[in-house]
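Residue numbers for the sequence shown, in this note's numbering: 787 to 938.
Backbone N, C-alpha and C define an ideal beta-carbon position, used for all residues, glycine too.
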Amino acid sequence: MKLTEIFQELGRERFDELLRLVSMGSLKTYKIYEGFKIRTRLTKLNRDRLRSAAPRLWERVEQGDEDLAREIAQGILVSRLDFVTQALDFLEIPHDGNGFYDKDAKSDDYLKEGWRERLLERFRDEQPEALALFYINHLAWELEEPAGVFTG
787 MKLTEIFQEL
797 GRERFDELLR
807 LVSMGSLKTY
817 KIYEGFKIRT
827 RLTKLNRDRL
837 RSAAPRLWER
847 VEQGDEDLAR
857 EIAQGILVSR
867 LDFVTQALDF
877 LEIPHDGNGF
887 YDKDAKSDDY
897 LKEGWRERLL
907 ERFRDEQPEA
917 LALFYINHLA
927 WELEEPAGVF
937 TG
């Protein structure tokens, strides 16, 4: 599974919603602002320009621009690290307290039957559904969970 496939399966409306969650402050804090700006091909990066670039970014995702998909994914996740840490705690995946876990971990060690549904249900009322669905699929992608895109 590729990140572009995750975005494509979640659809354009959710993609736009996820872009609205990107925090310029978080991009700067984690020193990915410049890379994000370059990868999105925006001469000036702010919330309004990112939103207005959504149609062009979506076209690139549809064309399979995996580098762009990775950059957007990283921007979304660093902007919502509070949710990421809560999700990892809920799934009992050990992490450093900031949402970063051992990337060599195997899905069998932590992702038990029905984990996607449980995680979505747990955060359904606290987080945007697009974010929860994206993170579920991103986590599966990172831990090489062999399954299709989960859309709820």
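By the three-class DSSP mapping on this structure, what secondary structure does residue i have?
| i | result |
| --- | --- |
| Asn-923 | helix |
| Thr-790 | helix |
| Pro-841 | helix |
| Arg-910 | coil |
| Asp-851 | coil |
| Tyr-887 | coil |
| Tyr-816 | coil |
| Glu-878 | coil |
| Ser-865 | helix |
| Thr-937 | coil |
| Val-870 | helix |
Measure the CB-CB distance between residue i and residue j and report whether it falls below 7 angstroms.
| i | j | result |
| --- | --- | --- |
| Leu-836 | Leu-805 | yes |
| Val-935 | Glu-795 | yes |
| Leu-828 | Ala-839 | yes |
| Ala-786 | Leu-789 | An answer regarding residue 786 cannot be provided, because it is not within the stretch 787 to 938 covered by the chain. |
| Gly-938 | Leu-906 | yes |
| Ile-862 | Leu-919 | no |
| Leu-867 | Gly-883 | no |
| Ala-916 | Arg-825 | no |
Could you tell me which of the options sits nearest to residue i, measuring between CA atoms?
| i | options | result |
| --- | --- | --- |
| Val-864 | Gly-811, Ile-792, Ile-922 | Gly-811 |
| His-924 | Gly-883, Glu-912, Glu-857 | Glu-857 |
| Val-847 | Tyr-921, Arg-798, Trp-901 | Arg-798 |
| Ser-809 | Arg-908, Leu-831, Glu-930 | Leu-831 |
Contact check, residue i vs residue j under 8 angstroms by CB: the rounded distance?
| i | j | result |
| --- | --- | --- |
| Arg-902 | Ile-922 | 5 angstroms |
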